[in-house]
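Heads up, the sequence shown is in the numbering used here, so the first residue is 5 and it goes up one at a time.
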Amino acid sequence: MSQSAARELDEQAVELLGELVAIDSVNPGLVAGARGEAPIVAHLRLRLERAGFSTLVVTPDGHPDRPSLLAWHTGSAPGPCLLLNGHVDTVGVAGMAEPFSPRIDGDRLFGRGAADMKGGVAGVVVAAEELARRGSGSVVLALVADEEDRSLGTETVLARLGATDLRPDLALVAEPSHLDLTVSLRGFAVVEVELAGRAVHTSQADEGVDAVAQLGRFLAAVAAAREPVRARGGELLVSVVRGGRAPFTVADRASATVERRTAPGEATGVALDEVEALLARMREEDPTVTATARLVVARESWQLQPAGPARTFATALAARLSTVPGRTGAPFEAPYWMEAPLFEESGIPALVCGPSGGGLHSVDEWVDLRQVRLFPEAIVTAVGSLAERLDAD
Ligand SMILES: [Zn+2]
Numbered sequence: 005m006s007q008s009a010a011r012e013l014d015e016q017a018v019e020l021l022g023e024l025v026a027i028d029s030v031n032p033g034l035v036a037g038a039r040g041e042a043p044i045v046a047h048l049r050l051r052l053e054r055a056g057f058s059t060l061v062v063t064p065d066g067h068p069d070r071p072s073l074l075a076w077h078t079g080s081a082p083g084p085c086l087l088l089n090g091h092v093d094t095v096g097v098a099g100m101a102e103p104f105s106p107r108i109d110g111d112r113l114f115g116r117g118a119a120d121m122k123g124g125v126a127g128v129v130v131a132a133e134e135l136a137r138r139g140s141g142s143v144v145l146a147l148v149a150d151e152e153d154r155s156l157g158t159e160t161v162l163a164r165l166g167a168t169d170l171r172p173d174l175a176l177v178a179e180p181s182h183l184d185l186t187v188s189l190r191g192f193a194v195v196e197v198e199l200a201g202r203a204v205h206t207s208q209a210d211e212g213v214d215a216v217a218q219l220g221r222f223l224a225a226v227a228a229a230r231e232p233v234r235a236r237g238g239e240l241l242v243s244v245v246r247g248g249r250a251p252f253t254v255a256d257r258a259s260a261t262v263e264r265r266t267a268p269g270e271a272t273g274v275a276l277d278e279v280e281a282l283l284a285r286m287r288e289e290d291p292t293v294t295a296t297a298r299l300v301v302a303r304e305s306w307q308l309q310p311a312g313p314a315r316t317f318a319t320a321l322a323a324r325l326s327t328v329p330g331r332t333g334a335p336f337e338a339p340y341w342m343e344a345p346l347f348e349e350s351g352i353p354a355l356v357c358g359p360s361g362g363g364l365h366s367v368d369e370w371v372d373l374r375q376v377r378l379f380p381e382a383i384v385t386a387v388g389s390l391a392e393r394l395d396a397d
């Protein structure tokens, strides 16, 4: 790509980023009454239609107000089919003075969603438009709702993609990674434990069954089981507890929300098994224990495939981005979950790479504009390498 063309993409990405930050797209699943994704999806749809893309707005069943955008362009010459993904929702803005007024200070652009992940969204949109102008292969944009909560957007997009002729060779998830190559991410599972006791007056506590006291023993058991899980790269902890009914009454109920992060390659099925084993041991020691454990949600871990189109593209992208300021260059093992496994589970090899900054989910969120500027050109160049590689295979 010529110097001037690449510079143009830089400027377009920064300009679009500013437009996107200025549109409130707080996730209403996280903040009741928040504005949601409809305005930002409308903005992106209009832009992409003007650039010659076909578009489809998809909504999950029962949530007509939570749109995601599928936009695609098929070139006249053969080539790879690249899916570019970003989420357009953000977390809430409590405590922020001017969350939707993008402010540039040096190499930083401040505002809600700047890093997570409107910088990535701007980058993939500008890259897709350039790929469409070049006209070889096809490019699909999946700009999704609700990543920050329940992943309704990506699940809906993937379900609808199967009904189209689009068969992406790979998916780039442009979540913030400081443009480092993400090689793995941890899965998670949430297990809800309920303990049932028997209420009596606290003056005759021995005649009842104290669910709060049992909850205390359960918390100690989880704490004791934590270190071996952490040593294997996972995490185990209780994040929420509730219990009791009123003063002067022995607690007849208590509950705990258990969170288990799974190491890459570890299935989330371990979460319920481990919790049930802890409860079984408590029951052996104390026959009055009546407990149930229920899996609330589970999302699997993910690893970048060792070979194939996602790896080829990732290698080309990493080579192109080797001089990025603020990039560590080390493979990134994400401790948290992202949506890459949803693409992988639907048969599309995935990779995760995108611009980042600081203050994600906090009051002073910013993105590094040097990374935002370099991202689109790197994608376009890496697609060229992928096309050569697929031709050679
Ligand atoms: Zn994100």
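The beta-carbon is built from N, C-alpha and C at its ideal position, and this holds for glycine as well.
This structure is a prediction, so every number in the text was calculated from the model and none was measured.
Here the region 263-280 makes contact with the region 185-194; the two share three or more CB pairs at distances below 8 Å.
The region 272-338 is shown to contain whole beta strand (DSSP E) runs of 3 or more residues at 294-303, 336-338, in chain order. Each of Cys-357, Glu-211, Trp-76 was checked against the Cα of Thr-168, and the nearest Cα belongs to Trp-76. Excluding residues up to 5 positions away in sequence, Arg-265 lie with their Cβ nearer than 6 Å to the Cβ of Glu-239 in the same chain.
Per DSSP, the continuous alpha helix (DSSP H) segment holding Phe-222 begins and ends at 215-235. For the pair Glu-23 and His-47, the Cα-to-Cα distance works out to about 9 Å.
For Asp-120, the CB falls within less than 7 Å of some heavy atom of ligand 1.
The beta carbon of Glu-41 sits no closer than 7 Å to any heavy atom of ligand 1. For Ile-44, the three-state secondary structure derived from DSSP is helix.
CA-to-CA, the gap between Leu-299 and Val-242 works out to about 14 Å. Gln-375 is classed as buried because its beta carbon has at least 16 other beta carbons within 10 Å across all chains shown. By the Cβ neighbour-count rule, Ser-142 is buried, with 16 or more other Cβ atoms within 10 Å of its own. When C-alpha distances from Glu-179 are compared across Arg-164, Val-92, Pro-103, the shortest belongs to Val-92. Uninterrupted alpha helix (DSSP H) stretches at least 4 residues long and entirely within the region 336-383 occur at 344-349, given in chain order.
Closest by C-alpha distance to Glu-392, out of Gly-56, Pro-313, Ala-55, Glu-280, is Pro-313.
The beta carbon of Val-367 lies closer than 6 Å to those of Gly-99, Met-100 in the same chain, with the five residues before and after it left out. Apart from sequence neighbours up to five positions away, the residues of its chain that approach Val-18 with a beta-carbon distance below 8 Å are Leu-113, Ala-126, Leu-373, Val-376, Arg-377, ordered along the chain. At a cut-off of 7 Å, the beta-carbon of His-182 does not count as near ligand 1: no heavy atom of the ligand is closer than that. In this structure the region 315-322 does not lie against the region 211-223, because fewer than three pairs of beta carbons, one per stretch, are closer than 8 Å. In the DSSP annotation of this structure, the continuous segment of the beta strand (DSSP E) that includes Ala-146 starts and ends at 140-148.
Setting aside the 5 residues that flank it on each side, Ala-297 is surrounded in the same chain by Val-195, Val-197, Leu-276, Val-279, Glu-280, Leu-283, each with a C-beta closer than 7 Å to its C-beta; the list follows chain order. The C-beta separation of Val-177 from Ala-354 comes to about 6 Å, placing the pair in contact by the 8 Å criterion.
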